[in-house]
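Peer 1: Take a look at this one; I'll ask things after.
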Amino acid sequence: MDERDVPRRDGHGRRQAAAIDALLDRAVAAIDSGDRAAATALAGQVLAADEGNADAEELLAAPAQGGEIRRLTILFVDLVDSTALSTTIEPETYRLVVGRYREHVLTTVNRFGGHIGSTHGDGLLAVFGHPVAHEDDMRRAVLAGLEINRAVAKLSTQVKARFGFEVRARVGVHRGVVYLDTTQADVYGLGANLAARVCGLAPPGAVVISEAVARLVRDAFELESCPAAPVKGVAGLIDHYRVLGERPVPARVAQGPIVGRSREWQQLQDSWAQAQAGQLDTPGIVFCGEAGIGKSRLATAGEVLVRQSGNAVLELIGSPFHTDAGMHPVRALIERHCGIGRLTAPAERLAMLTAEMVRVGLDPVRFIPLLAPVLSIDPQHGYQAVPDQGPELYNLISEAVQSYLLAWFGTEPGLVVAEDVHWFDPASLEVLGGLLSAGQGRLLVIVTGRNRDWLPDRWPVNVFELRPLTEDESDELIAALNPALTPQEQATVRSRCDGLPFYIEQVVAGITEVGVPEALYEPLFARLRASAQVVPVVEAAAVIGRYVDTGLLRSVVDMNDDDLDRVVGELAAAQVLEPWKADGWRFRHELLREVAVELAPPTVRRRLHARVGDALCSVGGEPDWGLVANHYTWAERFDDAASAHRQASAAARRRGALTEARTHLDHALTQLDRCPPSLDRDRREIALRLGRGFLAGSAVSPSSPVVAPDLERCLQLVGAEVPTNSRGQTSTAQELFATLGVLTGYYTGRADLNRATQALELLRVALDQWRPGFWPRLAAWSGVLAFLRGEFADAATYLELATGRGAIDNRETETVGFLPIDPIVAARIHLALLRMVQGDVPAAENELAHAARCVEGIGFPQGPYSLAYLRFAEIWVRTEAGQLDRASTLAAEMIEDASRHGFDQWRLRGTIQRTVVDALLTFAETGPSSAFSDYVSRVSDLVDELRAADLNVYLPFFAGALARLLIAAGRFDDARARLEESLGLARETGMCFYDAELQRLLSHTRQDPARRGEDLRRALQSANRQGAYLFELRSALDDFELRGQAARSALAQAIGRVSAESALVESVKATAALGAT
């Protein structure tokens, strides 16, 4: 027995009641099949969750032989004041009146399909559901109760006129578990007794129903809640409701003749004529409206019109199970065209896709790498993946899909039918929008959807919001469907259907089979229950979805192939299913599927969803993990659902869809929250949260505030205790290392170096206790932090250790999968920046080349992210070295790549660098011109944007670049303000790597030579203390220019520290200055 079957007391009474009902249904089925032990166990589960549950107690107390335990609807009718009446009138008159009363009750019960089981004085008990079961027995019982009171009221009028007194009845209806004596056709137990007690709560002439009945018929009848009341023999108060009358039932649409849609039909004909002439200016026709309003009927009419012309039609169909899955309608269409089935092997899928490309005239070499990912075919099965990633790959795939769809039509006019677009994913909507603008006047697109929320304003479409039919139009449709109906029958259908074409068709069809239905739901419900074997099949089909793959259905249903084929034939004959493509079926309408879903008890529905999920996973190749996750969620297999969502996230990430990937991780965490506490659950939550933070960091910034809550939760989960098991079998070692590593990167990105250092030190302690030794990535992070603090000597030590040959062989157990950049790559990049600060440009170039080789082969998003990081550093080096043309080229490449991959932070940084370089080039050519001023203003705005985004790491470099431009423009006060602000940030954060250069630039904003000299002395001291030889040389040159020979010694010392092989402009200037004196 699965403990998840036991309902939890979560405060949601209605939900708990449904779960208890499901357990009781299973118990009844078990005892009816002779499995007394299972029934007893299930009843025990009910009592554990709902102590004192009367139905469960009845199950446990029922006799083991001689009958059945059944859930039946019981009607009890009683003659009001019959005892007093018998004492005031003649016995013969009493017998005559009571006999007429009983005759009316018996006639009415029989007419509604019930059975009189027993009499108690003047009270009569009727059961609905035995010996003949109907799917609307509860409704039949309530209707019978209303009719009984109407019949007794008429009888009372007659009795009053003849005998001078009145008779009245009261009716109670209850549904519950009873013991059914199949031999005597009688019932025993609390269910029967409670029906009599509920009857006693009814006023004369009224029908009262219990809460168990009201919960299921409230949509069919007008009910009035009554105050809970005590009844004899039952503990507690009884909730009950008075039935005021029958409620009008919502109608549902069916396929039928087109009536009342002349304007829409004319538009279809006119648009198709224009498309045939190649002159269709507005290619789209959108039909909007509620379910059953006739959208699909019009779309079908358009399809017939085009096919009759001999032209091609493509169908893109939305699904409620795939609203988050990228391009599912397109995938389904391509698979249908290729003949790809659920069991088709990946290599065969690829071959079939290749054949399809050839058939439509597209180059397989070009299009297979772009369309294969849509069908979840990995490159390992025989094609070369495209090198593009992220948004660029996304755009290329979208363009390839559009090309494929258009290739189907060639140069001929055609039609695309997009149905249920309210269930389209964003990518499919974009594809549809592209088709609307690419048809060249020959492509008609018909779109259907329930509302307009999904409809972009820019689409070139004519929109028709469909309205219900008028009374005259409804009568026209009814007469067209069945001319033999009487005017009264037409009026009945019209009043029930509210002008919805599908509802009208269903009610009219039901008339020919079982008479005019009391409400639309009943004929649909009965049609789904055509035979005993139909029920499990239609339940399974409904769980799979509107479109049912036959092979998948066979995997889910416990039935041999011959029986399944026969049952499917019955459903097709009943117009529930209709053929779909080569080997599938679809529900004739989505509403039929929804009714079918409701047939399955919750436990059955969960089991079916689980089977569908398992079957989808068992197929070779890559399943639709998003769909699998949904089925596991509905099956309440939350653990498996979380795993499937994580797989779906990975698949989306491979397609470059980072937003979709993050959404799946959101869903995975939601499902994991519903799993019982355990160490494994916590580990998985940490991995999911780190993964979500990683994706957010890749798209926005690793230091983005949206990452913080996930990191805080991870720290809470790993706890403060340092794990000591080096095998990681009973501790959260790996999770602790990953969390602290990501936390170090997070604080580093926010320029909070103190907290970054604390996190790194915690990681160092944890690793030392877990397994003492040398950890290259610890050295890498230490080197990066030392560089940012301006501690260049320590930075060199750590970074050289991290990038040394011995470090390559010692990376065991270091978790870097949740970091946008590998710390070793980051170490190479910062070692290059360090060499640049030390004035050794060739050494910096060498480190950049090493870093570039490290980046090669790293997948998305880490590879492209690391490359953006590398380009940022190289642009910095080239700019400091005066190699502006090369810097400009690199910046353009960085901006393009960052935009393609969705890396907003690198796009912004690259834009600033490109604008700075353009400003310097312009100044070199024109001096302080208006064009140069425009560049300076642009850089100022961009640096402000950088600061507003909390992208503070490296901000001193950008502030220095801006100050350099402001000084060149003569805006000394603005430059001084920027520099002082940046130096203040350095003091606040400890990010002092650019202090010497900022202090040197500050001297250029002074008019007073003494103040300028003080700034330069501080710059020289900082550069000398940090070992920033490039900045020291610049400051020494400025000091020499200010003080002349008094600064000669400092300049000579500074140039002596710079590599002789460095081709720095500053070295040339210093050598010339010293030689001239």
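Numbering-wise, UniProt numbering puts 356 at position 356 of the sequence shown, and it's gapless, one number per residue.
Heads up, the beta-carbon is just placed ideally off N, CA and C, and yes, glycines get one too.
If you follow the beta strand (DSSP E) that N462 is part of, which residue opens it and which one closes it?
Peer 2: Its beta strand (DSSP E) spans residues V461 to E465.
Peer 1: Ignore the nearest five residues each way along the sequence and tell me which others in Q647's own chain have a CB closer than 7 angstroms to its CB.
Peer 2: Counting only Cβ-Cβ distances below 7 angstroms, and skipping sequence neighbours, we find W625.
Peer 1: Report the rounded CA-to-CA distance for R95 versus A235, giving the unit in angstroms.
Peer 2: So the two alpha carbons sit approximately 37 angstroms from each other.
Peer 1: Looking at the secondary structure, which residues open and close the alpha helix (DSSP H) in which P227 lies?
Peer 2: Careful: P227 lies outside any alpha helix (DSSP H), inside the beta strand (DSSP E) at F221 to V231.
Peer 1: Go through its chain and collect everything with a Cβ distance to residue 1079's Cβ below 7 angstroms, but skip five positions before and after it.
Peer 2: Residue 1079 cannot be examined here, being either before or after the span of the chain that is shown, 1 to 1077.
Peer 1: In whole angstroms, give me the CA-to-CA distance for F903 and F872.
Peer 2: Each residue's alpha carbon lies about 13 angstroms from the other.
Peer 1: Can you tell me whether DSSP reads L415 as helix, strand or coil?
Peer 2: Strand.
Peer 1: For a test of the three-state rule: what should DSSP assign to T73, helix, strand or coil?
Peer 2: Three-state DSSP puts T73 in a strand.
Peer 1: Is DSSP giving V445 helix, strand or coil here?
Peer 2: Here V445 sits in strand by DSSP.
Peer 1: Report yes if the CB atom of G1027 is closer than 8 angstroms to the CB atom of F792, and no otherwise.
Peer 2: For G1027 and F792, yes; Cβs fall inside 8 angstroms.
Peer 1: Mark L402 as exposed unless 16 or more other C-beta atoms lie within 10 angstroms of its C-beta, in which case mark it buried.
Peer 2: The sequence as given places Gln at residue 402; Leu does not occur at that position. Q402 is buried by the Cβ-count criterion.
Peer 1: Once the 5 residues before and after F464 are set aside, which same chain residues still bring their CB inside 6 angstroms of it?
Peer 2: Taken in chain order, the residues that qualify are E264 and F287.
Peer 1: Classify V198 as helix, strand or coil using the three-state DSSP reduction.
Peer 2: Looking at V198 - three-state DSSP - the assignment turns out to be helix.
Peer 1: Following the continuous alpha helix (DSSP H) through G626, name the residue where it begins and the one where it ends.
Peer 2: Unbroken alpha helix (DSSP H) run through G626: W625 to W634.
Peer 1: Go through its chain and collect everything with a Cβ distance to R681's Cβ below 6 angstroms, but skip five positions before and after it.
Peer 2: Excluding residues within five positions, the ones whose Cβ falls inside 6 angstroms are C675.
Peer 1: Compare the C-alpha of A996 against each of D1008, L983 and G172 and name the closest.
Peer 2: Out of D1008, L983 and G172, L983 has the C-alpha closest to the C-alpha of A996.
Peer 1: Where Q267 and V567 are concerned, what is the direct C-alpha to C-alpha distance, given to the nearest angstrom?
Peer 2: Cα to Cα, the separation comes out at about 41 angstroms.
Peer 1: Please go through the same chain and pick out, in chain order, the residues whose beta-carbon is closer than 8 angstroms to the beta-carbon of T1071, but skip the five residues on each side of it.
Peer 2: The residues are I1055.
Peer 1: Mapping the DSSP letters down to three states, classify D239 as helix, strand or coil.
Peer 2: Correct three-state label for D239: strand.
Peer 1: So I39 packs on A27, CB below 8 angstroms; how close in whole Å?
Peer 2: The question names Ile, yet the displayed sequence has Ala at residue 39. Right, their Cβ atoms sit about 5 angstroms apart.
Peer 1: DSSP on I126, reduced to helix/strand/coil?
Peer 2: In the sequence under discussion, the amino acid at residue 126 is Ala, which differs from the Ile named in the question. Strand.
Peer 1: Taking the alpha-carbon positions, what's the L1020 to D1039 distance?
Peer 2: Those two C-alpha atoms are separated by around 9 angstroms.
Peer 1: Output the distance between the C-alpha atoms of V535 and L627, rounded to the nearest integer angstrom.
Peer 2: Using only the alpha carbons, I get a separation of about 24 angstroms.
Peer 1: For G1044, is the classification buried or exposed, using 16 other Cβ atoms within 10 angstroms of its Cβ as the cut-off for buried?
Peer 2: Classification for G1044: exposed.
Peer 1: In the segment 640-718, which residue ranges form an unbroken alpha helix (DSSP H) of at least 4 residues, counting only runs that do not cross its ends?
Peer 2: The qualifying runs are 658-672, 679-699 and 708-718.
Peer 1: Where do the ends of the alpha helix (DSSP H) carrying I912 lie?
Peer 2: Looking at the DSSP string, the run of the alpha helix (DSSP H) that includes I912 is D904 to T926.
Peer 1: If we require 4 or more residues per run, which alpha helix (DSSP H) segments fall completely within the segment 846-884?
Peer 2: With a minimum length of 4 residues, the continuous alpha helix (DSSP H) runs that stay inside the segment 846-884 are 862-880.
Peer 1: With DSSP as the reference, identify every bridge partner of W585, one or two as the case may be.
Peer 2: Paired residues: V548 and P579.
Peer 1: Please determine, among E761, V939 and Y798, the residue with the shortest C-alpha to C-alpha distance to A779.
Peer 2: Comparing Cα-Cα distances from A779 to each of E761, V939 and Y798, the minimum goes to Y798.
Peer 1: Please state whether the Cβ-Cβ distance between L415 and E303 is less than 8 angstroms.
Peer 2: The answer is yes: Cβ separation under 8 angstroms.
Peer 1: Within a Cβ cutoff of 6 angstroms, which residues of the same chain sit near W906, ignoring the five residues on either side of it in sequence?
Peer 2: Cβ within range, chain order: A868 and A898.
Peer 1: Are at least three pairs of beta-carbons, each pair with one atom in the segment 840-854 and one in the segment 885-894, less than 8 angstroms apart?
Peer 2: Not touching, per the Cβ criterion.
Peer 1: Opposite S210 in the DSSP bridges: which residues?
Peer 2: Looking at the DSSP assignment, S210 forms a beta bridge with H240.
Peer 1: Can you have a look at D640 and say buried or exposed, based on whether 16 or more other CB atoms are within 10 angstroms of its CB?
Peer 2: The residue is buried, with at least 16 neighbouring Cβ atoms inside 10 Å.
Peer 1: Considering only the alpha carbon of each residue, which of R976, G145, Y503 and L672 lies closest to G960?
Peer 2: Nearest C-alpha to G960: R976.
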